[in-house]
Amino acid sequence: MLDIKFIKENKDIVAVALKNKNREDVNLDELLSLYEEKKSLRQKLDELNQKKNEAAKDRNIEEGKRLKEEGETLEKNFAEVDKKYLKAMLSVPNIPSLDTPIGKDENENKVLRTWGEPKAFSFKPKEHFEIGADLGIIDNETATEVTGPRFAYLKGDLVQLHFAVLNFVYGILGNKEILKKIADDAKIEIDPKPFLPVMPPVMIKPATMNRMARLEPRDERYHIDSDDLYLIGSAEHTLGPMHMDEVFEEKELPIRYAGYSNAFRREAGTYGKDMKGILRIHEFYKLEMESFCLPENSYKEQDFLVAIQEHINKVLNLPYQIIICCTGDMGDPDHRHIDVETWMPGQNKYRETHSADHMAGFQSRRLNTRVKRADGRIEHVHMNDATAFAGRTLIAILENYQTEDGKVAVPEALVPFMGGKTHIEKAF
RNA sequence: GGAAAGGUGGCAGAGUGGUCGAACGCGCCGCUCUCGAAAAGCGGUAUGCUCGAAAGGGCAUCGAGGGUUCGAAUCCCUCCCUUUCCGCCA
């Protein structure tokens, strides 16, 4: 949610943002007139309440009764206008950052930089689902029978590889020296405070989901009817609200979490796309970074999160490119959206493996997560979330590290986390 | 799942229909005292909206929402949460 005063004073900026985000359905004039109407009704209501309070204090029963009746219509009107106003407010997307490219869809995203050379193979590299099926480590067929399409069993060494990457990444996120070096190498001046590991709940109340601005699109969410709970689509969904209605001390920030959880997505409207393997499945595993910082540090914070993502890919020797999403491809709550796309030799293209969302104060305003500044002012914190490790990195490892004999080598950095194993073997 | 108690300011905790935005204490901030600190004393110390140049005023908020009443922290209803006992359980 944006600040209504900001909208009022910067209507032209917001209008441009709406146009660029393809959200011209949002009617700013209507929103602002609802705001004025709400304010004037509120004032009338306040005046009436003042009289009511005075009458009650004087035990003036007759006058009190009269005012009470008079107030009923006013209250009803106010409630109606307020409801409309809130609905309109919630429909306004976040403003894109100044460095966000303007564009209609993903074709106008921009490559900021690339790292690594796609490896030349002496044979035709397979796609991850072929490797997975051949080695018996990804089983879609059984999952489809047992649960349904777009689910998978991970088996054998792939399971161990998963936890190897997880531990490897947690090792980075919890280590102040490594984080400092990552920041220094990327020339980002930032407090390298480590991430606190979290295993968050995977179910969430609708009201909380809404406060995270993540309830929509509802088509994309799984809902548990018996208890009116949603399954989270990312650990972000339950990490972000950990501090709702709280006021931080300035010196407490930044606060960084590394939350590991299953993530559930219905993938509505993607029928037929990426049906095989684990690229696009309904339930996957993800380690997510979530941070709360001072507003003036939030760009650096996102840059830092991206630097961490890049560091992970570099150490794993996975070629990648960094994409900044254009206005038309970014989410409603995003202020700046950066993706890491990792080279997938089997598909012969870069595919998204990480994303980094800079939300500015958009979520914290809804969550009411604030910070008391040194000078006593209270303002909303800025929030960032970004992937540290998701199942798609396993895909990248399988495809980049496949060998001609049908096996997959274990990246050097992960061997210690694999009990010394250097290759992924065929499962029975 | 059954039974009971309860949710009040940063913390702790009083308040069962009006004089309560809320006692007392702790904490925090300022001042006095002091070379300085501690102690002591004095004063201040919630959030949001709104009017105002400011001083200051108004409204709302005692878990959330609704209701009764001229008047609700206090009574009623629904929901959320916490604690205790019983049951169940990885």
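Under this note's numbering, the first residue of the first sequence is numbered 2, with each subsequent residue one higher.
Think of the CB as a built atom: it goes at the ideal place given N, C-alpha and C, for glycine as much as any other residue.
None of these values were measured; they are calculated from a predicted model.
Exposed or buried, what is residue i when buried is set at 16 or more other beta-carbons lying within 10 Å of its beta-carbon?
{"i": "alanine 208", "result": "exposed"}
{"i": "methionine 200", "result": "exposed"}
{"i": "phenylalanine 293", "result": "buried"}
{"i": "serine 41", "result": "exposed"}
{"i": "tyrosine 351", "result": "buried"}
{"i": "glutamate 48", "result": "exposed"}
{"i": "leucine 87", "result": "exposed"}
{"i": "arginine 367", "result": "buried"}
{"i": "glutamine 310", "result": "buried"}
{"i": "lysine 39", "result": "buried"}
{"i": "isoleucine 299", "result": "The residue you asked about is not isoleucine; residue 299 is serine in the sequence shown. Serine 299 is buried by the Cβ-count criterion."}
{"i": "tyrosine 272", "result": "exposed"}
{"i": "glutamate 291", "result": "buried"}
{"i": "valine 147", "result": "exposed"}
{"i": "phenylalanine 418", "result": "buried"}
{"i": "proline 150", "result": "exposed"}
{"i": "glycine 377", "result": "exposed"}
{"i": "glutamate 342", "result": "buried"}
{"i": "leucine 180", "result": "buried"}
I'd like the list of long-range same chain contacts for residue i, defined as Cβ closer than 6 Å, with 5 residues on each side in sequence excluded.
{"i": "lysine 111", "result": "Pro102 and Ile325"}
{"i": "isoleucine 339", "result": "Val307, Ile325 and Ala357"}
{"i": "serine 365", "result": "His381, Val382 and Met384"}
{"i": "glutamine 303", "result": "Ala357, His359 and Asn385"}
{"i": "leucine 295", "result": "Leu254"}
{"i": "proline 202", "result": "Thr239"}
{"i": "tyrosine 402", "result": "Val409 and Ala410"}
{"i": "arginine 374", "result": "Glu251"}
Just to confirm my understanding: we take residue i, look at its own chain, exclude 5 residues before and 5 after, and list those with CB closer than 7 Å. What are they?
{"i": "alanine 56", "result": "Glu64, Gly65 and Leu68"}
{"i": "glutamate 289", "result": "Ser235, Ala236, Glu237, Leu240, Gly260, Asp386, Thr388 and Ala389"}
{"i": "alanine 269", "result": "Asp220 and Glu221"}
{"i": "histidine 336", "result": "Asn95, Ile96, Pro97, Ser98, His359, Met360, Ala361 and Phe363"}
{"i": "alanine 414", "result": "Phe169, Val316 and Leu317"}
{"i": "histidine 424", "result": "Lys408, Val409, Ala410 and Val411"}
{"i": "glutamate 106", "result": "One detail in the question is off: residue 106 reads as aspartate in this sequence, not glutamate. Closer than 7 Å at Cβ, skipping near neighbours: Gly329 and Asp330."}
{"i": "lysine 45", "result": "Leu75"}
Can you tell me where the beta strand (DSSP E) with residue i in it begins and where it stops?
{"i": "phenylalanine 130", "result": "Run containing phenylalanine 130: none in the beta strand (DSSP E); it sits in the alpha helix (DSSP H), 129-136."}
{"i": "valine 341", "result": "337-345"}
{"i": "tyrosine 402", "result": "Neither: tyrosine 402 is in no beta strand (DSSP E) and is coded neither H nor E."}
{"i": "valine 112", "result": "111-116"}
{"i": "arginine 267", "result": "No beta strand (DSSP E) holds arginine 267; DSSP gives it neither H nor E."}
{"i": "arginine 352", "result": "350-361"}
{"i": "leucine 230", "result": "230-232"}
{"i": "valine 372", "result": "371-373"}
{"i": "isoleucine 323", "result": "321-325"}
{"i": "valine 199", "result": "197-199"}
Which residues mark the beginning and the end of the alpha helix (DSSP H) in which residue i is found?
{"i": "tyrosine 171", "result": "158-174"}
{"i": "tyrosine 272", "result": "Taken as a continuous stretch (DSSP letters only), tyrosine 272 belongs to no alpha helix (DSSP H), as it is neither H nor E."}
{"i": "phenylalanine 79", "result": "62-91"}
{"i": "proline 207", "result": "207-212"}
{"i": "phenylalanine 249", "result": "Counting along the chain, phenylalanine 249 falls outside any alpha helix (DSSP H), though it belongs to the beta strand (DSSP E) covering 248-250."}
{"i": "tyrosine 223", "result": "Note, tyrosine 223: premise wrong, no alpha helix (DSSP H); not H, not E."}
{"i": "asparagine 19", "result": "The question names asparagine, but residue 19 is leucine in the sequence shown. It spans 12-21 - the alpha helix (DSSP H) in which leucine 19 sits, taken as one unbroken run."}
{"i": "leucine 32", "result": "29-58"}
{"i": "isoleucine 183", "result": "177-186"}
{"i": "lysine 301", "result": "299-316"}
On the premise that residue j lies in contact with residue i, defined as a C-beta separation below 8 Å, what is that separation, rounded to the nearest angstrom?
{"i": "alanine 18", "j": "isoleucine 96", "result": "4 Å"}
{"i": "glutamate 400", "j": "proline 126", "result": "6 Å"}
{"i": "proline 320", "j": "glycine 117", "result": "3 Å"}
{"i": "lysine 392", "j": "tyrosine 286", "result": "Residue identity check: residue 392 is glycine in the sequence provided, not lysine. With 8 Å as the limit, glycine 392 and tyrosine 286 qualify as a contact, their Cβ atoms being about 6 Å apart."}
{"i": "leucine 174", "j": "proline 195", "result": "7 Å"}
{"i": "alanine 89", "j": "leucine 32", "result": "4 Å"}
{"i": "glutamate 250", "j": "phenylalanine 265", "result": "Not a contact, Cβ separation roughly 35 Å."}
{"i": "phenylalanine 130", "j": "lysine 277", "result": "4 Å"}
{"i": "arginine 267", "j": "tyrosine 231", "result": "That pair is no contact at about 11 Å."}
Tell me residue i's beta-bridge partners as DSSP assigns them.
{"i": "serine 292", "result": "Arg257 and Asn385"}
{"i": "serine 262", "result": "Lys287"}
{"i": "histidine 1", "result": "The shown model of the chain, from 2 to 429, leaves out residue 1, and the question about it has no answer."}
{"i": "tyrosine 154", "result": "Asp140"}
{"i": "alanine 236", "result": "Alanine 236 pairs with nothing; no bridge assigned."}
{"i": "alanine 391", "result": "Lys287"}
{"i": "methionine 245", "result": "DSSP output for methionine 245 lists no bridge partner at all."}
{"i": "isoleucine 282", "result": "Bridge partners of isoleucine 282: none, in fact."}
{"i": "glutamate 380", "result": "Val372"}
Could you pull out every residue in the same chain whose Cβ sits closer than 8 Å to the Cβ of residue i, ignoring the five residues on either side in sequence?
{"i": "asparagine 28", "result": "Ala89"}
{"i": "glutamate 70", "result": "none"}
{"i": "proline 334", "result": "Pro94, Asn95, Ala214, Arg215, Asp358, Met360, Phe363 and Gln364"}
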